[in-house]
Structures are given as structure tokens and as C-alpha cells.
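Participant: Just so it is clear: in the sequence shown, position 126 is 126 by the UniProt record's numbering, and no numbers are missing.
We put the CB at the ideal spot given by N, CA and C, even for glycine.
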Amino acid sequence: MCQDLGSFDSKLLQPPLQQDNNIPVIGDANMPPNVTYSNRPTDGRQVTNFTFYEAEINSSIRRKRNNNNNSGRHKKSDTLELEEIQRYFHVPITEAAKELRVGLTVLKKRCRELNIMRWPHRKLKSLQTLIHSVKEMGLTSEVEMLEEHQRMVEKVPELELSERTKKLRQACFKANYKKRRASTLAAAFF
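The structure is reproduced here in C-alpha cells:
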């Protein structure tokens, strides 16, 4: 090793079985392609000293290029925008990841970066069920309020349900429970 700690002397890197000093070593992954083990000038590309860090950088660049060429999937985690993700809020997150052609972990990571801590599919599905139940009851003013709330949740997924919506949902659950219970009791007496 040379006096400065960042470089090697090419004589020290020469393989022990090599007879001729003019023969370049081909295919050595740790060496840049233009390095020969010669002390005599051959074609003007002779390098007698090079820094170890340059060789490491060159081999790491080669590895990265090879890894990038083999990937069949799009790496679009940075390019996923909120508008693109919002189109899939109505489906479970696993289906959304498949449709967006990214991995589940990538999608979750991007959602956290966009301040979406929980995937809103279940909240939207609950609101849709509630809207359907309220329509059956004939409460049109409540339906409009719930549809507006659903649109707001689609835009801002972290939005909490209002107390009015929670109480309405509880009342619908209770009414549906009583309806099911009455139908099972009526079926039991016949």
C-alpha cells in the first residue's frame, strides 16, 4: 500500500500466477475495466496507481445498473400522487396495490408520507351501507348529509365521522337488529 491510505500500488494487486506483466486481467469485478497490471506503457490506458475508493464506486455503480435492468415492475413509489391513490379508496388496500402495480409496503409507505395513516376503504364502505339503510328509512335530509360526508372522507381520509353520523349509524344498527330479531321470533312461532 502506498504512503497515502487511499490508494494502492498496482504491483501489489498483481495476481501471483500471471507470467507476463503486459497481460490485462479481464473480468475482475473489483477493478475498473481500464486497469492493467503493467509497468510499461502499452496503449495509453495504463494506470499504475488508483484510489481504492474509485474502484469501489465503479463496482457499486455496475451493481446498481445491473439491479435496475432486471426489475420488471415499475418503481413508482415517489411518483404516486394523492389523486392517483384516491381513485382506489373504495377497494381494499391489497387490491389497490395490485391495480397501481406497486407492492403493498410501498403503497403503505407512500400513504404515510401523504399523511394517510389508515386506508379509508372500511370507513367509506360503512358510510355507503349507512346511506343505503337511511334511504330505506326514507330520511332524505340525512342522506344528503351522509353523501357530503362521504365526499369529504374521499378527499381527506383522516377525517373523523361526526357525532351526528355516529349516532345515526348506531340508530340504524339498532333498528336493523330489532328487525332481524322480530323476523326470527316470527319464524319460530310458525
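What is the C-beta distance between Leu146 and Leu130, in whole angstroms, given that I count them as a contact (C-beta under 8 angstroms)?
Facilitator: Indeed they touch by this definition, with Cβ atoms about 6 angstroms apart.
Participant: Helix, strand or coil for Asn176 per DSSP?
Facilitator: Of the three classes helix, strand and coil, the one that applies to Asn176 here is helix, per DSSP.
Participant: Return helix, strand or coil for Ile131, following the three-state DSSP convention.
Facilitator: DSSP places Ile131 in helix when its eight states are reduced to three.
Participant: Which residue wins for smallest C-alpha separation from Lys125, given the options Asn176, Lys174, Arg169, Ala186?
Facilitator: It is Arg169.
Participant: Rounded to whole angstroms, what's the CA-CA distance from Val91 to Glu81? Just pull it up for me.
Facilitator: One C-alpha to the other measures close to 17 angstroms.
Participant: Beta-carbon within less than 7 angstroms of Glu142's beta-carbon, same chain only, minus the 5 sequence neighbours each way: which residues are those?
Facilitator: For Glu142, where only same-chain residues beyond five positions count, the Cβ hits under 7 angstroms are Val134, Leu168.
Participant: In the structure shown, what three-state DSSP assignment does Val153 receive?
Facilitator: In the structure shown, Val153 sits in a helix (DSSP, three-state: H, G or I).
Participant: Check for me: the alpha helix (DSSP H) holding Val91 runs from which residue to which?
Facilitator: Careful: Val91 lies outside any alpha helix (DSSP H) and carries neither H nor E.
Participant: DSSP state of Met117, grouped into three classes?
Facilitator: In this structure, Met117 counts as coil in the three-state DSSP scheme.
Participant: Suppose the cutoff is 6 angstroms on Cβ atoms and the five residues either side in sequence are ignored; what does the same chain contact list for Leu107 look like?
Facilitator: So the qualifying residues of the chain are Ala97.
Participant: Rank Cys111, His149, Ile85, Asn176 by C-alpha distance to the C-alpha of Lys123 and give the top, closest one.
Facilitator: It is His149.
Participant: Between the Cα of Arg118 and the Cα atoms of Glu144, Leu127, Val156, which residue gives the shortest distance?
Facilitator: When only C-alpha atoms are compared, the closest one is Val156.
Participant: Quick one: Cα of Phe173 to Cα of Lys179, how far?
Facilitator: If I take the Cα positions, the gap works out to 10 angstroms.
Participant: Thr140 to His132, Cα distance in whole Å?
Facilitator: The straight-line gap from Cα to Cα measures roughly 11 angstroms.
Participant: Between Leu114 and Val153, which are expected to be in contact by the criterion C-beta below 8 angstroms, what is the C-beta distance as a whole number of angstroms?
Facilitator: In fact, because the Cβ distance is near 15 angstroms, the residues do not count as touching under 8 angstroms.
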